[in-house]
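Colleague:
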Amino acid sequence: MEVATFLVQCLNALQYGLLLFLVASGLTLIFGIMGVINLAHGSFYMIGAYMAYALAPMFGGSFMVTLLAGLVLAIVLGYLLEWGFVSYLYQRDHLQQVLMTYGLILVFEELRSILVGNDVHGVAMPPFLAGSIALGDLMQYPVYRLAISGVCLAVAAGLYLVIARTRLGMMVRAGSTNREMVQSLGINIKFLYRLVFAAGVALAAFAGMIAAPVSSVYPGMGAQVLIICFVVVVIGGIGSVRGAFLAAILVGIVDTFGKVLFPEIAGIAVYLLMAAILLWKPEGLFRQG
Amino acid sequence: MQKTRLFTALAAAAVLALPAGDALAQAGKLKVGFMLPYTGTYAALGAAIENGFRLYVNEQGGKLGGREIEYVNVDDESQPAKGADNVNILIKRDKVDVVVGTVHSGVAMAMAKVVKETGTLLVIPNAGAVAITGPMCAPNIFRTSFSNWQPGYAMGVVAAEKGYKKVMTITWKYAAGAESVGGFKEGFEKGGGKVIKDLTVPFPNVEFQALLTEIAAAKPDAVYTFFAGGGAVKFVKDYAAAGLNKTVPLYGAGFLTDGTLKAQGDAAQGLLTTLHYGDGLPVAKDKSFRAAYQAAYKMPPDVYAVGGYDAAQLLGIGLVAVKGDFSKKADLYKAMGAAKIDSPRGAFTLGKNHNPVQDLYLRKAEGLENKVIGVAVKALADPGHGCTM
Amino acid sequence: MGTIGINSPRFVLPLAALVLLALFPLVSTGFYLGFVNKVMILAIFALSLELLVGMAGLVSLGHAAFFGIAAYATLLLSPEYAAANFFWLLPATVACAAAYAVVVGALCLRTRGVYFIMVTLAFAQMAYYVFHDTPLGGGTDGIYLNVKPVVALFGITLIDIGRPLTFYYVVLASLAGVFLFLAVLLRSRFGRTLVGIKSNEQRMRAAGFATFPYKLAAFTLAGALAGLAGFLVAVKDGFVNPEMLSWHESGAVLLMLILGGIGRLGGAVLGAFAFALLQLFFQWDVVFGDFSRHWQLMLGGTIILSVALMPNGLIGLPAQWRARRSRAGEADARG
């Protein structure tokens, strides 16, 4: 592989990894802070993408406004879902959580089918990002993909700042280590959990929305992203946003170069990576934090 | 408690009522069982097929060969793993006379295997698996759509005529993709070209960036592809975004641009594809078909609706020949095999392997239509390797 | 919890079920015979997972891998146009499943809790992609069995499993055999050690038990039994497909367990029947008309409700009902 091609493939890997991070960060926060396995997390990604498609005509096709509206809706959805459904899962064991959220996936998929149908849809990119820039004379790279990577990096930085440097982040971190202690210190843990869950949903939906112009909107998209996200979270360490970041980049690299260099085992490569890391570090790369 | 009692009662009722379902069968009516995707990515295609079939039957006054038609349906969810079970629901529980389906080739193969054992008549309105009219062919299995090989071969011939020498192919790693690419290779290399590399993406993955970079690095004369549905939308858009549509021309089997042009937008304009149907056909039957379909269903028909419509036509021709006597199986199959179908795509006949022998059109994507600009190959028959009929 | 029948021999219910299933062919048509046959095979699959989840307390989200591997092995080891012999094919396919189980178990059992769930899923996905992406099987479209195996010794066919009715009784016998085997295993020292590990592993270790070999043995045995189910389904349908190893399949069998009730062998069998019937029921357009297209919505809702309201599954309903009645009775007495 020539240097130019190699560098472009690195860019591809990074972009894929960063988008994965956005979805996986929500999952790891929910997992780590609230101890809830949520199989329906992929569905939030799908909901985000479908919102980008369905809401666009309402705002005259303005992508930015649609994004904002979708974000607000996602937060509301997350809030309501936690209040009405997820809060019943805390007392239950992992198996019951797995199964109840599996039932939730089916419900979401069918609701989507009833409300929006089963067709494949495209979402228009915002015009100011729709161009491509030339990478030497090899090929052109879509500006929008670079923009996605930039946004994901910004969100990652934002998440880090909130969790590591703010009081809210401190409460979140404390709540994940010792729920009862935090409650006895007078912090409203229920509200905290609701917030974290809503944030997780919003992150996944946001990822779906910004990915929609490049990935097209179709029924199976939630399931596809879900499994990979679990791999990312497990490799990175449950509850660790830092870990999810590193793991997402790793998965992006393994997946991209696997497809190019070893197409036969490309599908297995990511799982081999996960198995290898778990055997070396059974709790993932990083502990909580 | 009330809840558990209600649940138990419902469960008991369900179990007891199950065998009673088939007592509803009536004499005189011919039962057609649709096994189509009513959920999932292909749901719109399943709906179009059923619409097309029903349109033809309604045009004949609800009867084929003097027999009134009643319908049953089963959702195959495009899952090959459940194919055998689902088709058995139609054949053994609902006791249908004819099975019509489906879209996904893997499911169709499962159906073909079962009907070979039970002897039930199967008419396939879409699934293009080559094996069904190849090694798995049978007197009671008919197809009114195409085989995956046909559009590929036709495009291969076109590409060779255009003078290309080195072409790369890219598709999903599954039977339909492999068969389409195989057809292309045969047509292209017969015309003096060479396929330098076959790229594949695991099905139904849609991350193409890495392979698009490969294509850009290799700089072939052209690229041939087979994708459908969501994958087709994404691929065409990604191809354009990478600037490849200006440097390496893209060709595909018709499904690349069928039903996807709106989602693909500018990226698909000007794309050349081959298929047995298209827009702007100078065929009188097509004009009347489109008008009737639009009036009945408030939306334009597509190639899938044509497959369903022609499936009903084929069945109708056979039933007329045996004057509605469905028990005369040998005569029925003979009549169907010899049928000349007046299809919206143009008239076609069936080969010995019961696959359509038809014109493959070359189409160009213009606006929201795939305009037919010529005939790629006339009266193309699938070779039916391995079929012993 | 933990009502695994150590103290009382619950023979009546399983025996009654066995008799019912044995008499079923007398009242059913071809379709339902095949349907119940399939469900019995799924019941064996569910029983194998019950050993893991219910007895040993190991929640695996990758159990379908062993089911699928045995099914593929059945097809890949059979000659293309001749019949294989049942007596070596069955042990060979079960051995394949068990081999993968011992390797996966050895690696996965080093992790715990939710990590264990995820690693089992990962290994199942690996096996899935091996069949999905490589030319080993037929890729996504699967492969077909052309000739069913024969049950023959020294050239004489003992049982013709090509006939649906005969095969039905072979499957019924297998189900009864597996049920009996697990019931005996439960009462054995091995079984009771497993139960002890499930309730408190640290205490078992303190008592001097090396827990890892027991867990590994349970994992391998569960994989082997799932392999038996896989072999039977491959012979019945004559067709295998990578989706048999998907996480949907692993999720479905877990669902069967929780529907029926975890911790009881009868629960696994009941759950398998309940799940299959529910799916069939919700897709029945005679009852639901056009809405039957959205049967997954009803199934999803039912799953959520049943997990929420029936934590002990269907088989635990009588006990749940009795407990509520007695509590109501107490309240009245205190009244």
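Order-wise, the sequence lines are chains W, X and V.
Per this note's numbering, the first sequence starts with residue 25, numbered consecutively.
Per this note's numbering, the second sequence starts with residue 299, numbered consecutively.
Per this note's numbering, the third sequence starts with residue 1037, numbered consecutively.
Ideal placement from N, C-alpha and C gives every residue a C-beta, glycine not left out.
When DSSP labels each residue in this structure, what does residue 1227 of chain V get in the three-state scheme?
Modeller: Walking along the third sequence from the start, residue 1227 of chain V turns up at place 191. Reduced to three states, the DSSP call for residue 1227 of chain V is helix.
Colleague: At 4 residues or longer, and completely inside the segment 157 to 189 of chain W: list those alpha helix (DSSP H) runs for me, N to C.
Modeller: Complete alpha helix (DSSP H) runs here, min 4: 167 to 189.
Colleague: The alpha helix (DSSP H) with residue 348 of chain X in it runs from where to where?
Modeller: Numbered from its first residue, the second sequence carries residue 348 of chain X at position 50. First-last of the alpha helix (DSSP H) with residue 348 of chain X: 341 to 357.
Colleague: For residue 1098 of chain V, which option in V:1181, V:1154, V:1270, V:1112 has the closest C-alpha, if you only look at C-alpha atoms?
Modeller: Mapped onto the third sequence, residue 1098 of chain V falls at position 62. Residue V:1154 is the option with its Cα nearest to residue 1098 of chain V.
Colleague: So is residue 350 of chain X in contact with chain W if we call contact Cβ pairs under 8 Å?
Modeller: Taking the second sequence and counting its residues from 1, the one referred to as residue 350 of chain X is at position 52. Not an interface residue.
Colleague: Within the continuous beta strand (DSSP E) that includes residue 677 of chain X, where are the two ends?
Modeller: Position 379 of the second sequence, counted from the start, is the residue given in the question as residue 677 of chain X. 667 to 678 is the span of the beta strand (DSSP E), which, as asked, contains residue 677 of chain X.
Colleague: Helix, strand or coil for residue 470 of chain X, going by three-state DSSP, please let me know.
Modeller: Position 172 of the second sequence holds residue 470 of chain X. Looking at residue 470 of chain X - three-state DSSP - the assignment turns out to be strand.
Colleague: Decide if residue 467 of chain X is buried, meaning its Cβ has at least 16 other Cβ atoms within 10 Å, or exposed.
Modeller: For the purposes of this step, residue 467 of chain X is taken as residue 169 along the second sequence, with counting starting at 1. With 16 or more Cβ atoms within 10 Å of its Cβ, residue 467 of chain X is classed as buried.
Colleague: So, helix, strand or coil for residue 77 of chain W, using DSSP?
Modeller: For the purposes of this step, residue 77 of chain W is taken as residue 53 along the first sequence, with counting starting at 1. Helix.
Colleague: Using 8 Å as the cut-off, can you tell me whether the segment 540 to 553 of chain X makes contact with the segment 568 to 587 of chain X, which would need three or more C-beta pairs spanning the two stretches below that distance?
Modeller: Yes, they touch.
Colleague: How big is the Cα-Cα spacing for residue 513 of chain X and residue 1084 of chain V?
Modeller: Looking up residue 513 of chain X in the second sequence gives position 215. Looking up residue 1084 of chain V in the third sequence gives position 48. So the alpha carbons of these two residues sit roughly 48 Å apart.
Colleague: Compute the Euclidean distance between the alpha carbons of residue 328 of chain X and residue 620 of chain X, then round it to the nearest angstrom.
Modeller: Along the second sequence, read from residue 1 onward, the residue named residue 328 of chain X stands at position 30. Along the second sequence, read from residue 1 onward, the residue named residue 620 of chain X stands at position 322. Computed Cα separation, rounded: 14 Å.
Colleague: Is there contact here, the segment 530 to 543 of chain X with the segment 249 to 264 of chain W, by at least three beta-carbon pairs under 8 Å?
Modeller: In short, these stretches do not touch, since the Cβ pair count stays below three.
Colleague: Could you name the residues of chain X that residue 195 of chain W contacts, counting a contact when the two beta carbons are closer than 9 Å?
Modeller: Numbered from its first residue, the first sequence carries residue 195 of chain W at position 171. Those within 9 Å of residue 195 of chain W in chain X number zero; the least Cβ separation is about 38 Å.
Colleague: Which residues bound the beta strand (DSSP E) around residue 641 of chain X?
Modeller: Residue mapping note: residue 641 of chain X aligns to position 343 of the second sequence, counting from 1. Segment 638 to 641, the beta strand (DSSP E) holding residue 641 of chain X.
Colleague: Scan the segment 480 to 501 of chain X for residues whose Cβ lies nearer than 9 Å to a Cβ of chain W and list them as they occur along the chain.
Modeller: Taking 9 Å as the Cβ-Cβ cut-off against chain W, the residues of the segment 480 to 501 of chain X that qualify are 497, 498, 499, 500.
Colleague: Check whether the segment 1267 to 1279 of chain V and the segment 1106 to 1115 of chain V touch, using three or more Cβ-Cβ pairs below 8 Å as the test.
Modeller: The answer is yes - the segment 1106 to 1115 of chain V touches the segment 1267 to 1279 of chain V, with three or more Cβ pairs under 8 Å.
Colleague: Looking at residue 83 of chain W and residue 93 of chain W, is the spacing between their C-beta atoms short of 8 Å?
Modeller: The residue you call residue 93 of chain W lines up with position 69 of the first sequence. The residue you call residue 83 of chain W lines up with position 59 of the first sequence. Yes, the pair counts as a contact, with Cβ atoms nearer than the cut-off.
Colleague: Does the distance from the CB of residue 50 of chain W to the CB of residue 224 of chain W come in under 8 Å?
Modeller: For this step, residue 50 of chain W is matched to residue 26 along the first sequence. For this step, residue 224 of chain W is matched to residue 200 along the first sequence. Their beta carbons are under 8 Å apart, which means residue 50 of chain W touches residue 224 of chain W by this criterion.
Colleague: Give, in chain order, every residue of the segment 1306 to 1323 of chain V whose Cβ lies closer than 7 Å to some Cβ of chain W.
Modeller: Those would be none; no residue qualifies.
Colleague: Residues of chain V with CB under 8 Å from residue 61 of chain W, in chain order?
Modeller: Along the first sequence, read from residue 1 onward, the residue named residue 61 of chain W stands at position 37. Chain V residues near residue 61 of chain W: 1150, 1153.
Colleague: What residue from X:563, X:391, X:573, X:508 has the CA that sits closest to residue 34 of chain W's CA?
Modeller: Taking the first residue of the first sequence as 1, we reach residue 34 of chain W at position 10. Comparing Cα positions, the closest option is X:508.
Colleague: Note down, in chain order, each residue of its chain lying with its Cβ closer than 7 Å to the Cβ of residue 462 of chain X, except the 5 sequence neighbours on either side.
Modeller: As a working note, residue 462 of chain X is residue 164 in the second sequence. Excluding sequence neighbours, residue 462 of chain X sits near 491, 519, 520.
Colleague: State the beta-bridge partners of residue 551 of chain X as determined by DSSP.
Modeller: The count along the second sequence starts at 1 and reaches residue 551 of chain X at position 253. DSSP output for residue 551 of chain X lists X:572 as bridge partner(s).
Colleague: Can you find a CB in chain V that lies within less than 8 Å of the CB of residue 118 of chain W?
Modeller: Within the first sequence, the letter at position 94 stands for residue 118 of chain W. Answer yes: the Cβ-Cβ gap between residue 118 of chain W and chain V drops below 8 Å somewhere.
Colleague: Using a C-beta to C-beta distance shorter than 7 Å, which residues of chain X count as neighbours of residue 1180 of chain V?
Modeller: Position 144 of the third sequence, counted from the first residue, corresponds to residue 1180 of chain V. Within chain X, the residues near residue 1180 of chain V are 411.
Colleague: Measuring CA to CA, which of W:133, W:142, W:147, W:36 is closest to residue 90 of chain W?
Modeller: Along the first sequence, one-based indexing puts residue 90 of chain W at 66. Nearest C-alpha to residue 90 of chain W: W:147.
Colleague: Taking 8 Å as the CB-CB cut-off, is residue 681 of chain X touching chain V?
Modeller: Counting from one through the second sequence, the residue named residue 681 of chain X turns up at place 383. No - not a single Cβ of chain V is within 8 Å of the one on residue 681 of chain X.
Colleague: Could you name the residues of chain V that residue 383 of chain X contacts, counting a contact when the two beta carbons are closer than 9 Å?
Modeller: As a first step, residue 383 of chain X is located in the second sequence; it is residue number 85 there, counting from the start. What residue 383 of chain X touches in chain V: 1070, 1071, 1074, 1273.
Colleague: Decide yes or no for the touch test of the segment 1245 to 1255 of chain V against the segment 1222 to 1232 of chain V: beta carbon pairs closer than 8 Å, at least 3 of them.
Modeller: Contact between the segment 1245 to 1255 of chain V and the segment 1222 to 1232 of chain V is present, because at least three Cβ pairs lie under 8 Å.
Colleague: Please state whether the Cβ-Cβ distance between residue 1087 of chain V and residue 1152 of chain V is less than 8 Å.
Modeller: Taking the third sequence and counting its residues from 1, one reaches residue 1087 of chain V at position 51. Taking the third sequence and counting its residues from 1, one reaches residue 1152 of chain V at position 116. No; because the gap between Cβ atoms is not below 8 Å, this pair is not in contact.
Colleague: Would residue 1112 of chain V count as contacting chain W if we go by Cβ distances under 8 Å?
Modeller: Within the third sequence, numbered from 1, the residue matching residue 1112 of chain V stands at position 76. It does not; no Cβ of chain W falls within 8 Å.
Colleague: What are the boundary residues of the beta strand (DSSP E) that includes residue 605 of chain X?
Modeller: Walking along the second sequence from the start, residue 605 of chain X turns up at place 307. Looking at the DSSP string, residue 605 of chain X is not in any beta strand (DSSP E); the run it does join, the alpha helix (DSSP H), is 601 to 619.
Colleague: Check for me: the alpha helix (DSSP H) holding residue 634 of chain X runs from which residue to which?
Modeller: By one-based count along the second sequence, residue 634 of chain X stands at place 336. From DSSP, the alpha helix (DSSP H) with residue 634 of chain X extends over 627 to 635.
Colleague: Taking the beta carbon of residue 392 of chain X as the centre, do at least 16 other beta carbons fall within 10 Å, making it buried, or is it exposed?
Modeller: Within the second sequence, the letter at position 94 stands for residue 392 of chain X. By the neighbour-count rule (16 or more Cβ atoms within 10 Å), residue 392 of chain X is buried.
Colleague: Can you confirm whether residue 254 of chain W, when its beta carbon is compared against all beta carbons of chain V, has any partner nearer than 8 Å?
Modeller: Looking up residue 254 of chain W in the first sequence gives position 230. Cβ-Cβ to chain V under 8 Å: yes for residue 254 of chain W.
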